[in-house]
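Heads up: the structure comes next, in structure tokens.
Residue numbers (the numbering used here): 4 to 694.
Next comes the structure, spelled out in structure tokens:
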């Protein structure tokens with residue numbers, strides 16, 4: 004790859020009829036992480052986001068507010084752009100569909116498609132959902148309601164322009180066949196084909212006359228362009244499609260087709276059926292991939308203003324910082340699947356992953372360099388098996404991170420990085436710098452401290468796409484030069500010259516009172532009550548930057564006595580007790596048949612904080628990925644389990660172990676102190692039923 008290779012990534016353009024919530028932020032944070040990663044790898048990145056500003060809902064909201072639509076929109080757009088700034092979103096361009104660079108080209112595209120006979124005028128009769136601005140046939144309704152939002156639909160009779168979608172069905176299916184990576188995850192493609200194309204793709208209504216807030220059809224001004232033909236074309240108008248400006252023409256040629264469109268799964272249909280067909284009609288290349296991620300849910304279901312369970316991302320950022328929010332969204336939820344935001348899970352990621360693991364590592368390292376080396380980086384001497392093993396894991400982590408990021412698996416990438424972070428903490432315990440200092444072994448001590456700082460450098464590079472503010476703070480604290488923070492330097496040990504100053508330790512992520520914060524988060528999420536919302540006055544005040552730190556200060560005594568301790572790791576008391584009888588009572592075949600056993604493959608594995616027996620596994624069961632907590636940490640390391648094919652009891656009721664929900668049980672055999680998992684051959688597919 005050369006430095007001039009391009010990468011064009013987009014988010015959906017958001018509908019600004021109201022302020023955005025944390026679910027909207029999820030898409031944009033994921034896109035930003037990928038854009039930052041691609042820049043690290045030397046790509047010329049174009050990262051586009053924006054707002055979809057026309058339509059009946061906007062016109063109605065503006066009328067209710069007593070404002071012209073554009074004035075109403077300007078206030079919300081300013082709020083959205085401020086949100087992206089607070090979340091450190093590094094977009095290259097922000098497109099508003101009310102801008103002339105967009106409206107002029109949409110009008111021209113519409114005229115061209117009429118002239119090509121791809122668009123025709125006819126009467127429309129059918130069901131319409133105003134909140135979703137979507138037309139539905141009778142068979143597509145769900146119990147007579149909108150299949151997307153569940154709201155009431157209305158019967159509409161209106162003269163409209165229609166796009167001949169049916170004309171392009173064969174070409175579209177051929178494109179799917181020739182480009183299997185176009186729709187991801189794979190399940191989304193099957194949904195599009197089976198639910199929308201095979202039953203017979205209907206021509207699409209592309210104009211409206213019942214409202215006037217939109218782009219007028221040039222030859223018939225009483226019609227305005229319907230939302231999807233208007234909104235989808237932003238991906239090409241924003242980068243210069245149709246422009247007479249030579250520089251913009253060159254920009255379009257440089258970046259199109261897009262490498263990936265990130266969208267929520269509810270709008271995959273528009274991006275993988277309508278959008279490709281529009282591009283085919285225009286004679287343009289199709290985007291390389293559309294990735295439809297899952298919903299970010301609350302415990303009581305999808306976020307909804309009427310439920311009062313909408314989380315304001317600005318409030319979270321104000322109290323906990325941008326990086327805490329970004330890390331949670333990207334680590335907690337496997338991209339492509341639905342995820343749940345809970346105060347408990349958020350605080351666990353913040354306190355354990357960020358404060359205990361990463362923040363503690365950085366703090367310990369800087370503190371020890373100051374105590375044992377006067378705040379100056381020592382020279383590395385002879386490396387031992389401890390360093391060799393650590394560096395082997397380091398290189399494997401780099402490789403795993405690259406593979407995961409290229410596959411858009413952000414959670415897996417962070418899991419790999421955190422395995423390295425935890426291993427470096429263990430390396431410190433193994434090499435015991437405080438003991439080396441006491442023994443006067445300055446050469447060995449210098450090597451250990453140098454390797455610790457080197458691992459901080461590597462971790463900083465790997466985490467930059469996810470927690471950029473933290474990476475920047477680390478670079479300043481350790482005086483890393485920009486040339487020492489490029490991706491290419493990840494494979495170069497020894498580029499940190501001895502003798503550099505390292506600033507004193509300051510906590511990156513102070514630990515907070517979990518119970519207090521969970522209560523505060525729950526209160527401010529509305530508790531599902533209509534009309535409640537996040538209260539910025541309650542969430543203001545301390546924040547992460549000014550929080551009172553309730554933990555042992557890393558002073559001389561702490562360093563001499565090894566690392567800070569996590570929560571109590573004593574054994575769980577509700578383990579099954581050995582039976583006093585030689586066997587259990589017999590059961591009938593019906594009782595045994597009630598137990599559902601399936602083959603699963605371990606995709607992710609890490610330790611449960613504060614529990615020395617428990618491992619948390621993410622197991623692929625073919626149709627879903629389950630989180631399972633298993634008491635096997637004394638017998639297996641997380642690294643040993645990733646990739647293993649295991650047998651899972653899948654119909655057990657969920658249970659929480661040390662605050663982590665487990666949705667199944669992994670079968671194992673034990674005798675005395677020995678325990679082995681029941682495994683199956685790699686050839687057995689995930690989800691296969693065990694009988």
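Beta carbons: idealized from backbone N, C-alpha and C, even for Gly.
Start and end residues, beta strand (DSSP E) containing residue 2: There is no way to answer for residue 2, as the model of the chain reaches only from 4 to 694.
Check whether residue 202 and residue 142 have beta carbons under 8 angstroms apart: The residue labelled residue 202 in the question sits at position 199 within the chain shown. The residue labelled residue 142 in the question sits at position 139 within the chain shown. Pairing residue 202 with residue 142 gives a Cβ-Cβ distance under 8 angstroms.
Host alpha helix (DSSP H) of residue 191 (start-end): To locate residue 191, count along the chain shown from 1; it is residue 188. It spans 189-195 - the alpha helix (DSSP H) in which residue 191 sits, taken as one unbroken run.
Residue(s) in a DSSP beta bridge with residue 610: Position 607 of the chain shown, counted from the start, is the residue given in the question as residue 610. Residue 610 pairs with 618.
Under the three-state DSSP convention, the category residue 488 falls into: Numbered from its first residue, the chain shown carries residue 488 at position 485. In this structure, residue 488 counts as coil in the three-state DSSP scheme.
Simplified DSSP state of residue 93, which is helix, strand or coil: Position 90 of the chain shown, counted from the first residue, corresponds to residue 93. Note: residue 93 maps to coil in three-state DSSP.
Burial state of residue 686 (16 or more Cβ within 10 Å): Here residue 686 refers to the residue found at position 683 when the chain shown is read from its first residue. Residue 686 comes out exposed.
Beta-carbon proximity of residue 44 to residue 490, cut-off 8 angstroms: Position 41 of the chain shown, counted from the first residue, corresponds to residue 44. Position 487 of the chain shown, counted from the first residue, corresponds to residue 490. The answer is yes: Cβ separation under 8 angstroms.
Residue 623 in three-state terms, based on DSSP: For the purposes of this step, residue 623 is identified with residue 620 of the chain shown, where counting begins at 1. Strand.
Distance CB(residue 484)-CB(residue 463) smaller than 8 angstroms: As a position in the chain shown, residue 484 is number 481, starting the count at 1. As a position in the chain shown, residue 463 is number 460, starting the count at 1. No. Outside cutoff.
Integer-rounded CB distance, given that residue 350 should sit under 8 angstroms from residue 520: As a first step, residue 520 is located in the chain shown; it is residue number 517 there, counting from the start. As a first step, residue 350 is located in the chain shown; it is residue number 347 there, counting from the start. The Cβ separation is near 5 angstroms, so the contact holds.
For residue 212 and residue 334, the rounded distance between their alpha carbons: Numbered from 1 along the chain shown, position 331 holds the residue referred to as residue 334. Numbered from 1 along the chain shown, position 209 holds the residue referred to as residue 212. Cα-Cα distance, rounded: 46 angstroms.
Beta-carbon spacing of residue 669, residue 600 below 8 angstroms: The count along the chain shown starts at 1 and reaches residue 669 at position 666. The count along the chain shown starts at 1 and reaches residue 600 at position 597. No; because the gap between Cβ atoms is not below 8 angstroms, this pair is not in contact.
Proximity of residue 29 and residue 23 at Cβ, strictly below 8 angstroms: Taking the first residue of the chain shown as 1, we reach residue 29 at position 26. Taking the first residue of the chain shown as 1, we reach residue 23 at position 20. No, they are not a contact pair.
Meets three-Cβ-pair contact criterion under 8 angstroms: the stretch 244-259 and the stretch 224-235: Result no; under three Cβ-Cβ pairs closer than 8 angstroms.
Assumed close pair residue 358, residue 512 - CB separation to whole angstroms, cut-off 8 angstroms: The residue labelled residue 358 in the question sits at position 355 within the chain shown. The residue labelled residue 512 in the question sits at position 509 within the chain shown. Beta-carbon to beta-carbon, residue 358 and residue 512 are separated by about 4 angstroms, close enough to satisfy the 8 angstroms threshold.
Residue range of the unbroken alpha helix (DSSP H) whose run includes residue 347: For the purposes of this step, residue 347 is taken as residue 344 along the chain shown, with counting starting at 1. First-last of the alpha helix (DSSP H) with residue 347: 346-351.
Sequence-distant residues of its chain with Cβ nearer than 7 angstroms to residue 257 (five each side left out): In the chain shown, counting from the first residue as 1, residue 257 sits at position 254. For residue 257, where only same-chain residues beyond five positions count, the Cβ hits under 7 angstroms are 9.
DSSP-derived helix/strand/coil call for residue 229: Numbered from 1 along the chain shown, position 226 holds the residue referred to as residue 229. The answer is coil: DSSP assigns residue 229 none of H, G, I, E or B.
Same chain, Cβ closer than 7 angstroms to residue 418, five either side skipped, listed in chain order: Here residue 418 refers to the residue found at position 415 of the chain shown. So the qualifying residues of the chain are 607 and 609.
Check whether residue 495 and residue 454 have beta carbons under 8 angstroms apart: One-based indexing of the chain shown puts residue 495 at position 492. One-based indexing of the chain shown puts residue 454 at position 451. Cβ atoms of residue 495 and residue 454: not closer than 8 angstroms.
Contact under 8 angstroms by Cβ, residue 154 with residue 132: For the purposes of this step, residue 154 is identified with residue 151 of the chain shown, where counting begins at 1. For the purposes of this step, residue 132 is identified with residue 129 of the chain shown, where counting begins at 1. Closer than 8 angstroms, so yes.
Pairwise C-alpha distance: residue 117 and residue 218: As a working note, residue 218 is residue 215 in the chain shown. As a working note, residue 117 is residue 114 in the chain shown. Looking at the two C-alpha atoms, the distance is approximately 15 angstroms.
Cβ-Cβ distance between residue 426 and residue 393 below 8 angstroms: For the purposes of this step, residue 426 is taken as the residue at position 423 of the chain shown. For the purposes of this step, residue 393 is taken as the residue at position 390 of the chain shown. Contact flag set, yes.
Beta carbon of residue 255 nearer than 8 angstroms to that of residue 276: Numbered from 1 along the chain shown, position 252 holds the residue referred to as residue 255. Numbered from 1 along the chain shown, position 273 holds the residue referred to as residue 276. Result no, Cβ atoms of residue 255 and residue 276 do not sit closer than 8 angstroms.
Ordered list of beta strand (DSSP E) runs contained in the stretch 31-57, each at least 3 residues: 47-54
Coil, strand or helix - residue 124 by DSSP: Taking the first residue of the chain shown as position 1, residue 124 is located at position 121. DSSP places residue 124 in strand when its eight states are reduced to three.
Close-in-space but distant-in-sequence residues of the same chain around residue 59 (CB under 8 angstroms, 5 per side omitted): Start at 1 with the first residue of the chain shown, and residue 59 comes out as number 56. Sequence-distant partners of residue 59 (beyond 5 residues in either direction) whose C-beta falls short of 8 angstroms from its own C-beta, in its chain, are 133, 136, 211, 213, 214 and 216.
Sub-8 angstroms separation of residue 675 and residue 631 beta-carbons: By one-based count along the chain shown, residue 675 stands at place 672. By one-based count along the chain shown, residue 631 stands at place 628. Contact annotation: residue 675 and residue 631 have beta-carbon atoms that are not nearer than 8 angstroms.
Start and end residues, alpha helix (DSSP H) containing residue 415: If you number the chain shown from 1, residue 415 lands on position 412. For residue 415, the enclosing alpha helix (DSSP H) stretches over residues 413-434.
Residue 369 to residue 378 span [Cα, whole Å]: Along the chain shown, one-based indexing puts residue 369 at 366. Along the chain shown, one-based indexing puts residue 378 at 375. Those two C-alpha atoms are separated by around 8 angstroms.
Residues near residue 626 by beta carbon distance below 7 angstroms, same chain, minus five either side: In the chain shown, the residue the question calls residue 626 occupies position 623. Closer than 7 angstroms at the Cβ level, and outside the excluded window around residue 626, lie 690.
One or two residues paired with residue 249 in a DSSP bridge: Stepping through the chain shown from its first residue, residue 249 is reached at position 246. Answer by DSSP bridge pairing: none, since residue 249 is not bridged.
Which of helix, strand or coil DSSP assigns to residue 320: Residue numbering aside, residue 320 sits at position 317 when the chain shown is read from its first letter. The answer is helix: DSSP assigns residue 320 an H, G or I state.
Residues that DSSP places opposite residue 678 in a beta bridge: Taking the chain shown and counting its residues from 1, the one referred to as residue 678 is at position 675. DSSP lists 673 as partners of residue 678.
Beta-carbon spacing of residue 174, residue 271 below 8 angstroms: On the chain shown, position 171 is the one that residue 174 refers to. On the chain shown, position 268 is the one that residue 271 refers to. No, these two residues do not count as a Cβ contact at 8 angstroms.
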